[in-house]
Amino acid sequence: MEKRLKYLKGSFEKASFPELSDSLEEVLYSLESAGLVVGIAGESGAGKSTFINSFRELREEDEGAAPTGRADTSRGPTPYPHPKYDNVILWDLPSIDSPEFQRKDYLEQISASRYDFVVVMACQHFTSLHARLALHIKNASKAFYFVRSKVDADLEARRSSNPLGFIDAVALQRIREESLHEHSNCSYPNVLVLFV
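Just so you know, we're using the working numbering here: the sequence shown kicks off at 4 and counts up by one.
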């Protein structure tokens, strides 16, 4: 990407419109053909397969959709290419609450080097398992992002327990604060947590 930016900067400095136009077209074409490989990790039932299907704009019953369910549906890394973009692949990784995760060679088993980044998913709470996985990913010089799934179910549970005093924005803010607090306890105090 840096090379592309330098190339564009050089075209801007020359102030040649035809050359700049050609440069922009070249960069856009290269971005369209760039690949994206993402690992999706988390415990059983965190919604990894649902996340993958949503990203790929597929429903569970669609052909090629990732199987969903409470059971661990990913025994080994399983690729799911995007149906519209051949160069985008999401990998459903084995659950971090499986016995295989306890082994030190988990990152080798999932071929961590193949991913551009890893999404670490959790439902309800981020735990030491998520923190340990993030540490392994960080030590492998890979980027990671935390995604807190099933927030809608948490909101509904809070609404049911306090129907008269429930305010969506307040409950969502409380969930966000709880998630950030969990991360500060797991050595990632300034991490971005995405809600789905």
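Don't be surprised by glycine CBs; every beta carbon is placed ideally from N, CA and C. This one's a predicted model, so the numbers in the text were calculated from it and none came from an experiment.
Would you mind sorting residue i into buried or exposed? The rule is 16 or more other CB atoms within 10 Å of its CB.
i, result
"residue 88", "exposed"
"residue 38", "exposed"
"residue 173", "exposed"
"residue 176", "exposed"
"residue 165", "exposed"
"residue 131", "exposed"
Assign residue i to one of three DSSP states: helix, strand, or coil.
i, result
"residue 80", "coil"
"residue 155", "helix"
"residue 92", "strand"
"residue 39", "strand"
"residue 115", "helix"
"residue 146", "strand"
"residue 174", "helix"
"residue 160", "helix"
Measure from the alpha carbon of residue i to the alpha carbon of each residue in the options, then state which is nearest.
i, options, result
"residue 44", "29, 86 and 113", "113"
"residue 40", "129, 171, 146 and 151", "146"
"residue 125", "85, 134, 158 and 118", "134"
"residue 95", "131, 49 and 183", "49"
"residue 129", "157, 184 and 169", "184"
"residue 123", "111, 97 and 117", "97"
"residue 53", "150, 180, 157 and 29", "150"
Inspect the beta-carbon positions of residue i and residue j and report whether they are closer than 8 Å.
i, j, result
"residue 93", "residue 148", "no"
"residue 154", "residue 178", "yes"
The beta strand (DSSP E) with residue i in it runs from where to where?
i, result
"residue 198", "196–198"
"residue 125", "120–126"
May I ask which residues mark the beginning and end of the alpha helix (DSSP H) holding residue i?
i, result
"residue 140", "131–142"
"residue 99", "Element bounds for residue 99: n/a, residue is neither H nor E."
"residue 51", "51–58"
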